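A short worksheet on the structure shown next.
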Amino acid sequence: MTFRLYDTQTREVRDFVPLQEGKAGLYVCGLTVQSEPHVGHVRSGVNFDVLQRWLRHLGYDVTFIRNITDVDDKILAKSAEQGRPWYNLAYAMHRELDRAYDALNVAPPTYEPAATGHVPEMVELIQELVERGHAYAADDGSGDVYFDVRSWPSYGELTHQAIDDMEAAADADPRGKRDPRDFALWKGHKESEPATASWPSPWGRGRPGWHIECSAMAGKYLGAAFDIHGGGVDLRFPHHENEQAQSRAAGRPFATYWMHNAWITTAGEKMSKSLGNTLSIPAILERYRGIELRYYLVAAHYRSHVEFSFEALDEAAAGFRRVEGFLERAEEALRASGTPEHLGSVPPAFVHAMNDDLGTPAAVAAIHDAVRVGNRLLAEGSHERLSEVLGAVQSMLEILGLNPASPVWAGSGGAAADEKLSAAVDALVSGLLEERARARDAKDWARADAIRDQIKAAGIEVTDTPTGPTWTVG
RNA sequence: GGUGGGUUGGCCGAGAGGCGAGGCAACGGACUGCAAAUCCGUCUACACGGGUUCAAAUCCCGUACCCACCUCCA
Numbered sequence: 058m059t060f061r062l063y064d065t066q067t068r069e070v071r072d073f074v075p076l077q078e079g080k081a082g083l084y085v086c087g088l089t090v091q092s093e094p095h096v097g098h099v100r101s102g103v104n105f106d107v108l109q110r111w112l113r114h115l116g117y118d119v120t121f122i123r124n125i126t127d128v129d130d131k132i133l134a135k136s137a138e139q140g141r142p143w144y145n146l147a148y149a150m151h152r153e154l155d156r157a158y159d160a161l162n163v164a165p166p167t168y169e170p171a172a173t174g175h176v177p178e179m180v181e182l183i184q185e186l187v188e189r190g191h192a193y194a195a196d197d198g199s200g201d202v203y204f205d206v207r208s209w210p211s212y213g214e215l216t217h218q219a220i221d222d223m224e225a226a227a228d229a230d231p232r233g234k235r236d237p238r239d240f241a242l243w244k245g246h247k248e249s250e251p252a253t254a255s256w257p258s259p260w261g262r263g264r265p266g267w268h269i270e271c272s273a274m275a276g277k278y279l280g281a282a283f284d285i286h287g288g289g290v291d292l293r294f295p296h297h298e299n300e301q302a303q304s305r306a307a308g309r310p311f312a313t314y315w316m317h318n319a320w321i322t323t324a325g326e327k328m329s330k331s332l333g334n335t336l337s338i339p340a341i342l343e344r345y346r347g348i349e350l351r352y353y354l355v356a357a358h359y360r361s362h363v364e365f366s367f368e369a370l371d372e373a374a375a376g377f378r379r380v381e382g383f384l385e386r387a388e389e390a391l392r393a394s395g396t397p398e399h400l401g402s403v404p405p406a407f408v409h410a411m412n413d414d415l416g417t418p419a420a421v422a423a424i425h426d427a428v429r430v431g432n433r434l435l436a437e438g439s440h441e442r443l444s445e446v447l448g449a450v451q452s453m454l455e456i457l458g459l460n461p462a463s464p465v466w467a468g469s470g471g472a473a474a475d476e477k478l479s480a481a482v483d484a485l486v487s488g489l490l491e492e493r494a495r496a497r498d499a500k501d502w503a504r505a506d507a508i509r510d511q512i513k514a515a516g517i518e519v520t521d522t523p524t525g526p527t528w529t530v531g
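Numbered as in the numbering used here, the first sequence ends at 531 without a single skipped number.
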């Protein structure tokens, strides 16, 4: 079975046929770095990271471009409010975003171009559009350049809308537009804005409109035609519609497939409008591990709307710990019995699920199925088969970016220090456990439980296993 | 006004004409000195009203409610 994905434009699940055999070009709209990243932002990152990993697993040579918008109206407005340079705000938030991606094991793309680094490419593209008669400089002296929507007959093809049915934005500033739906390719510099946020152009100093950057950067790094373009649902219109219109109007075929991830909301409310800080990634990571949050995000299909709640996140974390528990016990059992660990092959159910438009919920179910089988084998002591199942579980987790053994999860706060601490605790706890073992041998249960309670009071859980007691923090 | 999406068991969350995803929680049993973990079992749902079909959560028609986008929110 080949990889199939849902294409927003054709509104159907289609076979993935790359433009070049064995290669996949992927462009994803990253963030406008204007505030701390929240769960919603990161969902997009995780979703497309899974896509990228799956394409690689299928053997494609993937070129993955994810941009950063580092100058726009909001960044300028916020930085002015905060009394700091816009580039400082954008840079700080960009670093914050990188930390969030790292914490969730979202692999860096092939390249992460920033809008401010590609003004010449944008100017070139705009000039081409002007020459072809699809763009015009406003005649109100503003220095703005607009895309002429009426000049492009297939405008609206991505979202299946007719220009005349579109509601003209009530608050849109008509300025020098010929049609209210025309959008800015270039924005002339305004006195109220910092001079540092302007660049030279044939139409005077100014800064790029939003949509043009993606067309210019996708063209530069992926070529005039590429395979997949992704982003959040909200970007379908106007952003992606405009990107496609301006690219095609410039003679570039642009993306073959359009993928859009759904929202995360809280109590039905869009995250961008609500709660800002409490659901920022740093805030959530104070309560949950990155791998647990990633599991929560991966367990839902990327096109399904997710209503965020800490209860649901708790459940997801509990479900994931079940998988982790199996990994730990299986690895220990194999080590103890000297059974070699197999490199796991990925079960057909998992492959089928992933090939079907990245069916991560079914893929996660396949992991749980394997874990159940593995737990049974563990109980039976069938170590040879257990080794195979363990390998399969590890491979599946690895593809989803959820393998706890992966070094990326090894504590962002100093793994070496953790290890030392762990060794120290182990030395202290093992003394107590020896005492408890003596009490248990003497069937002095009260004494044995008292020791266990004492250890527990320190925040350490003791569990008896067939091979002796173990302890875990928390 | 235009364009889309949704409504599934106690909860989360898949599926898209016939074999009851999976997880969490709960309950019963096994194992255990007791726990924990694990295993076995139980709990049989698809907003509402019609229709098509041998067969509908799934297709069609209608109704209700919710949500997103319509010029710069992932």
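Don't be surprised by glycine CBs; every beta carbon is placed ideally from N, CA and C. Just so we're clear, the structure is a prediction, and the values are computed from it rather than from any experiment.
Our contact map puts residue i next to residue j with C-beta atoms below 8 Å; I'd like the distance itself, whole angstroms only.
i	j	result
C86	G288	4 Å
A387	T524	About 13 Å separates the two Cβ atoms, so there is no contact after all.
A410	G416	4 Å
V206	L242	Actually they do not touch by this definition, with Cβ atoms about 12 Å apart.
R71	L83	Not confirmed; about 16 Å, so no contact.
L88	T126	7 Å
A307	R189	7 Å
P295	F240	7 Å
V450	I424	6 Å
E270	M179	6 Å
Let me know the secondary structure DSSP gives residue i once reduced to three states.
i	result
G276	helix
A537	The structure shown does not extend to residue 537, since the chain is modelled only from 58 to 531, so the question has no answer here.
N460	coil
E78	coil
E69	strand
S337	strand
F240	strand
K330	For K330, the pLDDT reaches just 46, beneath the cut-off of 50, and the residue's location in the model is therefore unreliable, although a value from the coordinates is still provided. If DSSP states are grouped into helix, strand and coil, K330 belongs with coil.
L83	strand
E364	strand
P310	coil
E385	helix
H317	strand
G287	strand
A467	coil
P405	helix
D501	coil
V519	strand
Y203	strand
Within the same chain, show all residues whose beta-carbon is closer than 6 Å to that of residue i, passing over the 5 residues directly before and after it, in chain order.
i	result
V519	R509, I512, P526, W528
G200	G245, W260, G261, G263
E364	T322
A81	P75, L112, Y117, V119, D284
G102	Y158, V163
Q301	L215, F311
F105	V85, G287
S136	W143, L146
L336	H95, V96
E298	L215, T216
F73	F60, L62
Do residue j and residue i have their beta-carbon atoms positioned less than 7 Å apart in this structure?
i	j	result
M274	H175	yes
H399	G438	no
I122	P166	yes
A319	R360	yes
H151	V90	yes
V408	M453	no
A356	V421	yes
F383	Y352	no
V446	A427	yes
D291	G233	no
A503	R497	no
F60	N412	yes
V128	A254	yes
Within its chain, find whatever has a CB closer than 7 Å to the CB of residue i; leave out the 5 residues flanking it on each side and keep chain order.
i	result
A160	I338, L342, G347, S469
L435	R386, A387, A390, L443
S272	L182, E300, Q303, S304
H114	I456
E354	It should be noted that the sequence gives Leu, not Glu, for residue 354. Around L354: R100, V103.
S211	none
L154	L88, V90, P94
For residue i, which residues in the same chain have their Cβ closer than 8 Å to its Cβ, ignoring the five residues on either side in sequence?
i	result
E381	P461
R495	none
Inset, instruction - Taking 8 Å as the threshold, find out whether the region 202-220 comes into contact with the region 93-110 through three or more Cβ pairs. - result: Using a Cβ-Cβ distance cut-off of 8 Å, the region 202-220 and the region 93-110 are not in contact, since fewer than three pairs of beta carbons, one from each stretch, lie closer than that value.
Inset, instruction - Give a yes or no on contact between the region 278-297 and the region 307-322, applying the rule of three or more CB pairs nearer than 8 Å. - result: Output reads yes: the region 307-322 touches the region 278-297.
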